[in-house]
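Chemist:
Numbering (the numbering used here), first residue to last: 107 to 531.
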């Protein structure tokens, strides 16, 4: 008699969603939060810092062009390979950083550029696997975990590294040496996370490559993009992607710089350690609450009906930040509460946007469709960096945050339009 086949191992979706999306946030946090503070520690101006961020972000943003080549590989091994490569690049950046003002400067820049390229391959593959391997209900159920994991990763590679570097500088280490040690720690954590993700992926069902050649994959990519362009929901969702987060993006580009700027410049005059501590402490409750609330609202009411309330929640922190910037002498508790509100609101608001993008991307060529939409989202997130720092320098932080707040109006108009197109979603 033939022996009965061994039962397939039970999937551990929660494990790889948590681990991989923590990891996904690490390169982005290094670029978006740790790098600006490091450059500020080295004496760079706001305008130059936000432009450097934008260049690196736009390199990362064109991941859709990798689609035909990435499709040749099985997704899970490629995700793990890119995670190991990320750890290696962080280690190499840490080794070359002490010589940044000399010949090592070009090596650090090359590491950051390659980090953006590798992160793009990782994110394209991971997002495509999330969309393709889970049904809509499972995606909604795990969206809160995804959001929390992403922000936890951002805290670990942002405030934690900032705090570590600040502590080392307080003990007399040079700026470049302190940040070098911080990158070594990030590399070690990245490698440990990749090992954990390898375990959780072993419980996933097998997944074969499509068997197409490069020309066939370009045709498949073109077909997927043409299908996306013909989708009647695309204009409304594209407007949502470009405008829904506009006010929050402008705030996020300048908030770390405002927090570290001296009082004579209208900033909060926080040192590295205080800023990092506030961001870490407020993130613990804020991320969990925001992600859970966003996931519950979308699961209960659907994507379309959730856009307005969650969008209003996402814009609320700008009121609080504008209040901080309008006066002086705010206590540490007031600043901490504002940071907490920002985490909660961002976590809740982003949940609806991501699920709207995934809803539009599902179907054939889901990975390519989602990559095209996320590329549009990255353009919306990083293009403002080319003018945000300079505008903040010209207007002053208080008026800059009021300008950012005014961008909530077109964002909510886009949400109303998208709601009508996603009414049944």
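For glycine and all other residues, C-beta sits at the position ideal for the given N, C-alpha and C.
Every value quoted in this text rests on a predicted model; they were computed, and no experiment measured them.
Distance, Cα to Cα, residue 521 vs residue 417?
Modeler: Residue 521 sits at position 415 when you count from the first residue of the chain shown. Residue 417 sits at position 311 when you count from the first residue of the chain shown. Each residue's alpha carbon lies about 8 Å from the other.
Chemist: Step through the CB atoms of chain B and report whether any lies within less than 8 Å of the CB of residue 403.
Modeler: Here chain B cannot be found, since the structure has a single protein chain.
Chemist: Within 10 Å of its beta-carbon, does residue 456 have 16 or more other beta-carbons around it, so buried, or fewer, so exposed?
Modeler: The sequence position of residue 456 within the chain shown is 350, counting from 1. Flag for residue 456 reads buried.
Chemist: Can you tell me whether residue 370 is buried or exposed? The criterion is at least 16 other CB atoms within 10 Å of its CB, across all chains shown.
Modeler: Residue numbering aside, residue 370 sits at position 264 when the chain shown is read from its first letter. Burial call: exposed.
Chemist: Decide if the segment 508-528 is in contact with the segment 408-426; the criterion is three or more beta carbon pairs, one per stretch, under 8 Å apart.
Modeler: Cβ pair count under 8 Å is three or more, so yes.
Chemist: Any idea what DSSP makes of residue 442, helix, strand or coil?
Modeler: Taking the chain shown and counting its residues from 1, the one referred to as residue 442 is at position 336. In the structure shown, residue 442 sits in a helix (DSSP, three-state: H, G or I).
Chemist: Give a yes or no on contact between the segment 333-344 and the segment 217-229, applying the rule of three or more CB pairs nearer than 8 Å.
Modeler: Too few Cβ pairs lie closer than 8 Å, so no.
Chemist: Based on Cα-Cα distance, which residue from 423, 267, 405 and 349 lies nearest to residue 135?
Modeler: For the purposes of this step, residue 135 is taken as the residue at position 29 of the chain shown. Checked all of 423, 267, 405 and 349; the closest Cα to residue 135 is 267.
Chemist: Could you say which of 257, 355 and 165 lies nearest to residue 126 if we only look at CA atoms?
Modeler: Translated into positions along the chain shown, residue 126 becomes position 20. The residue with the shortest Cα to Cα distance from residue 126 is 257.
Chemist: Is residue 468 helix, strand or coil by DSSP?
Modeler: The residue labelled residue 468 in the question sits at position 362 within the chain shown. Of the three classes helix, strand and coil, the one that applies to residue 468 here is coil, per DSSP.
Chemist: How far does the alpha helix (DSSP H) with residue 364 in it reach, from first residue to last?
Modeler: Taking the first residue of the chain shown as 1, we reach residue 364 at position 258. 352-366 is the span of the alpha helix (DSSP H), which, as asked, contains residue 364.
Chemist: Counting only the same chain and skipping the five closest in sequence on each side, list residues whose C-beta sits under 6 Å from that of residue 147.
Modeler: Here residue 147 corresponds to residue number 41 of the chain shown, with the count starting at 1. Once the five neighbours on either side are set aside, the close Cβ partners of residue 147 are 281.
Chemist: Can you give me the start and stop residues for the alpha helix (DSSP H) that residue 346 sits inside?
Modeler: In the chain shown, counting from the first residue as 1, residue 346 sits at position 240. Segment 340-349, the alpha helix (DSSP H) holding residue 346.
Chemist: Return the Cβ separation of residue 269 and residue 383 in integer angstroms, given the expectation that the two are a contact with Cβ distance under 8 Å.
Modeler: The residue labelled residue 269 in the question sits at position 163 within the chain shown. The residue labelled residue 383 in the question sits at position 277 within the chain shown. Right, their Cβ atoms sit about 6 Å apart.
Chemist: Does the beta-carbon distance from residue 476 to residue 237 come in below 8 Å?
Modeler: Locating residue 476 in the chain shown gives position 370, counting from the first residue. Locating residue 237 in the chain shown gives position 131, counting from the first residue. Yes. Within cutoff.
Chemist: Check each candidate in 490, 410 and 478 and name the one with the smallest Cα separation from residue 330.
Modeler: Working through the chain shown from its first residue, we reach residue 330 at position 224. Nearest of 490, 410 and 478 to residue 330, Cα basis: 478.
Chemist: Please list the segments of the alpha helix (DSSP H) lying wholly inside the segment 489-520, counting only runs of 4 or more residues, in order along the chain.
Modeler: DSSP runs (the alpha helix (DSSP H)) wholly in the segment 489-520: 491-501 and 503-512.
Chemist: Do you know whose CA, among 194, 525, 467 and 444, lies nearest residue 374's CA?
Modeler: Against the chain shown, residue 374 aligns to sequence position 268. Residue 374 has its Cα closest to that of 444, out of 194, 525, 467 and 444.
Chemist: Alpha carbon to alpha carbon, what distance is there between residue 388 and residue 233?
Modeler: Your numbering for residue 233 matches position 127 in the chain shown. Your numbering for residue 388 matches position 282 in the chain shown. Distance between the alpha carbons of residue 233 and residue 388: 27 Å.
Chemist: On a CA-only basis, which of 339, 413, 440 and 412 is nearest residue 423? Give me that one, please.
Modeler: Taking the chain shown and counting its residues from 1, one reaches residue 423 at position 317. Cα-wise, what sits closest to residue 423 is 440.
Chemist: Taking the alpha helix (DSSP H) that residue 129 belongs to, which residues open and close that run?
Modeler: Within the chain shown, numbered from 1, the residue matching residue 129 stands at position 23. Here the alpha helix (DSSP H) through residue 129 covers 119-135.
Chemist: I need the DSSP call for residue 431, collapsed to helix, strand or coil.
Modeler: Numbered from 1 along the chain shown, position 325 holds the residue referred to as residue 431. In this structure, residue 431 counts as helix in the three-state DSSP scheme.
Chemist: What's the call for residue 528, buried or exposed, on a 16-neighbour Cβ count within 10 Å?
Modeler: As a position in the chain shown, residue 528 is number 422, starting the count at 1. Residue 528 comes out buried.
Chemist: Distance check for residue 429 and residue 221, CA to CA, integer angstroms please.
Modeler: On the chain shown, position 115 is the one that residue 221 refers to. On the chain shown, position 323 is the one that residue 429 refers to. The alpha-carbon atoms of residue 221 and residue 429 are separated by roughly 37 Å.
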